[in-house]
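2 protein chains.
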Amino acid sequence: MVTYEYPRPALTVDLVTFRVNNDQLELLLIQRDNQPFQGAWALPGGFVHENEPLEATASRVLSAKAELTDVFLEQLATFGAPERDPRDRVVSVAYFALLPAGAGYNGPGEWFAVDGLPQTAFDHAHIIDTAIDRLRAKLSYSDIGFSLMPPEFTLTELQKTWEAVLASSLDKRNFRKGALARDRLEATGKKTSGGAHPPAMIYRYNDSSEMTS
Amino acid sequence: MVTYEYPRPALTVDLVTFRVNNDQLELLLIQRDNQPFQGAWALPGGFVHENEPLEATASRVLSAKAELTDVFLEQLATFGAPERDPRDRVVSVAYFALLPAGAGYNGPGEWFAVDGLPQTAFDHAHIIDTAIDRLRAKLSYSDIGFSLMPPEFTLTELQKTWEAVLASSLDKRNFRKGALARDRLEATGKKTSGGAHPPAMIYRYNDSSEMTS
DNA sequence: TATTTGTAGTGTATATCGTACACTACTATC
DNA sequence: GATAGTAGTGTACGATATACACTACAAATA
Chain D
296 MVTYEYPRPA
306 LTVDLVTFRV
316 NNDQLELLLI
326 QRDNQPFQGA
336 WALPGGFVHE
346 NEPLEATASR
356 VLSAKAELTD
366 VFLEQLATFG
376 APERDPRDRV
386 VSVAYFALLP
396 AGAGYNGPGE
406 WFAVDGLPQT
416 AFDHAHIIDT
426 AIDRLRAKLS
436 YSDIGFSLMP
446 PEFTLTELQK
456 TWEAVLASSL
466 DKRNFRKGAL
476 ARDRLEATGK
486 KTSGGAHPPA
496 MIYRYNDSSE
506 MTS
Chain U
296 MVTYEYPRPA
306 LTVDLVTFRV
316 NNDQLELLLI
326 QRDNQPFQGA
336 WALPGGFVHE
346 NEPLEATASR
356 VLSAKAELTD
366 VFLEQLATFG
376 APERDPRDRV
386 VSVAYFALLP
396 AGAGYNGPGE
406 WFAVDGLPQT
416 AFDHAHIIDT
426 AIDRLRAKLS
436 YSDIGFSLMP
446 PEFTLTELQK
456 TWEAVLASSL
466 DKRNFRKGAL
476 ARDRLEATGK
486 KTSGGAHPPA
496 MIYRYNDSSE
506 MTS
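Chains D and U, in that order, are what the protein sequence lines are. The opening residue of the first sequence carries number 296 in the numbering used here; numbering runs sequentially from there. The opening residue of the second sequence carries number 296 in the numbering used here; numbering runs sequentially from there.
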């Protein structure tokens, strides 16, 4: 085999980490310590290590830079424009991560609502746009949305999460009809208590759920 | 800025090139000259050069290894399992390419129907599966299928292409109704001649077509 | 020139799915 | 006892997807 004749680009992974909070879709940005774009907001990211699978890089970065573990991850796309990093050729494999609502966060960085993002470093605005588009598109035809939910939730909470992601409001009866028709929700039998309203049934996501019928 | 502290993976682009021929969805494989997997069939691929955008690598490879130019390209996904190449760490950005039917082909390699593929090198079988799934999925909700057509075509030809991609047969009247309803087909006014049957209207794909109405 | 072959082109009826829309009942709080 | 606030429910309509069969025409052939 011919050995590699060309200077190798550096390879990184960048993460677009979403959560729903305050009825808003938010993502995590970290302020850069170094040049270039020192002080600017940027996606958490890091170099791919030797013998490290790409998704492992994503997990590691999320754990190192955001103290997050056990997170839903999906590869988004790879960004390789030669000038995207002014220092050197850096190709970045972007992933998006989904956190369950209400999990709390103690790590560094800041959460920004997607409709109020600051200027970001490199081509991160472009990566973020791609991630938001993909998340919204997949919400309707996949089960991805459940990764934004805690293990147990009410239908109202589920609806609010969807509304936050899509940035639009949904009809309550149609939403519930549709959600239940997918056969992915299992009633726990438990109900909420507290609040000046009737208790609500608590559901859990169940991939291969037989409904209680 | 800290310089890159880790050995860099090699970065390549691999191409899954589709065409429809003989009412079958086919893709291009090239026989490997070198170890590893010497003699095995593999996707055309090549290293990303310095300052070369990823899509430019894809074009260059397609032109160098398959003598194809001006081809529809779309990024598929990036494959980076550490053991996917036995020599060295090689991360590959996969693209898929679509060729218009009936264009002819004089380059090296061989076209294989997707339901009769040989064993392939590396993780190329996995890449191919991903590409086929993506192509089939996007056929229904995007205009991607027109990239598999020549500039002008009849509705019957269009239908046969779709049937080849999906590997299933479609109802003629419903297909035509649906195809025309999309407002992407412009009647050229020309008709086919020859063949023991009436002439068929020839259409062209038109992104922002006002219909002849 | 009559017949055959093969494809072009067309419409309707039904089922399914998506969407719009409003009220009652219950729990907690004041 | 009254009020506030959310849970939970059904129907009617329109749009969309699907199933389904015949006639007309050009070319080839007999």
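The beta carbon of each residue, even a glycine, is placed where N, CA and C say it ideally should be.
- Straight-line spacing of the CA atoms in ASN316 (chain U) and LEU323 (chain U) works out to 12 Å.
- Around PRO348 (chain D), the beta-carbon contacts reaching into chain U at under 9 Å are GLY375, ALA376 and PRO377.
- At a cut-off of 8 Å between C-beta atoms, PHE342 (chain U) counts as an interface residue with respect to chain D.
- Looking at the DSSP output, ASP309 (chain U) bridges to U:GLY340 and U:ALA389.
- If you look at ALA351 (chain U), you'll find it in the alpha helix (DSSP H) that goes 349-361.
- Within 10 angstroms of the beta-carbon of HIS419 (chain D) lie 16 or more other beta-carbons, which makes it buried.
- For GLN370 (chain D), the residues of chain U that pass the 8 Å Cβ criterion are ALA372 and THR373, in the order they occur in the chain.
- Distance from ASP380 (chain D) to PHE417 (chain D) at the Cβ level is roughly 6 Å; contact confirmed, criterion being Cβ atoms closer than 8 Å.
- According to the DSSP assignment, TYR436 (chain U) belongs to the alpha helix (DSSP H) that extends over 419-436.
- Contact between SER354 (chain U) and PHE374 (chain U) fails: their C-beta atoms lie close to 20 Å from each other, not under 8 Å.
- Annotated three-state conformation of ARG479 (chain U) is coil, per DSSP.
- Annotated three-state conformation of THR451 (chain U) is helix, per DSSP.
- Contacts with chain U (Cβ-Cβ distance below 9 Å) from the stretch 381-409 of chain D involve ARG382, ASP383, ARG384, VAL385, VAL386 and VAL388, listed in chain order.
- Counting every other CB atom within 10 Å of its CB across the protein chains shown gives LYS360 (chain D) a total of 16 or more, marking it as buried.
- Closer than 8 Å to the CB of ARG477 (chain U) there is not a single CB belonging to chain D.
- By the C-beta density criterion, GLU405 (chain D) is exposed, having fewer than 16 other C-beta atoms within 10 angstroms.
- Within the same chain, and ignoring the five residues on either side of GLY397 (chain D) in sequence, the residues whose Cβ sits closer than 7 Å to its Cβ are PRO445.
- A straight line joining the alpha-carbon of GLU362 (chain U) with that of GLY402 (chain U) spans about 6 Å.
- From the beta-carbon of GLU345 (chain U), the residues of chain D found nearer than 7 Å are TYR301, PRO302 and ARG384.
- With a 10 Å radius around the Cβ and a threshold of 16 neighbouring Cβ atoms, PRO339 (chain D) comes out buried.
- Contact check between the stretch 428-445 of chain U and the stretch 302-318 of chain U: three or more CB pairs, one atom from each, fall below 8 Å, which counts as touching.
- Put simply, the backbone Cα of ALA408 (chain D) is about 20 Å away from that of LEU465 (chain D).
- Non-local C-beta neighbours of LEU434 (chain U) in its own chain, meaning closer than 6 Å and more than five positions away in sequence, comprise GLY440 and VAL460, ordered along the chain.
- Counting other Cβ atoms within 10 Å of its Cβ, ALA305 (chain U) reaches 16 or more and is therefore classed as buried.
- Ranking U:ASN501, U:HIS492, U:LYS472 and U:ASP410 by CA distance to the CA of ALA462 (chain U) puts U:ASP410 first.
- Assignment of beta-bridge partners to VAL315 (chain U) by DSSP yields U:LEU320.
- Linking PHE448 (chain U) to THR451 (chain D) through their CA atoms gives a straight-line distance of about 50 Å.
- When D:GLY489, D:ALA491, D:ASP478 and D:HIS492 are compared, the shortest CA-CA separation from TYR498 (chain D) is found for D:ASP478.
- A residue is called buried when at least 16 other Cβ atoms come within 10 angstroms of its Cβ; THR364 (chain U) does not meet this threshold and is exposed.
- If you check the CB distance, PHE367 (chain D) and ARG429 (chain D) do not come in under 8 Å.
- Annotation: the continuous beta strand (DSSP E) that includes PHE407 (chain D) extends over 405-408.
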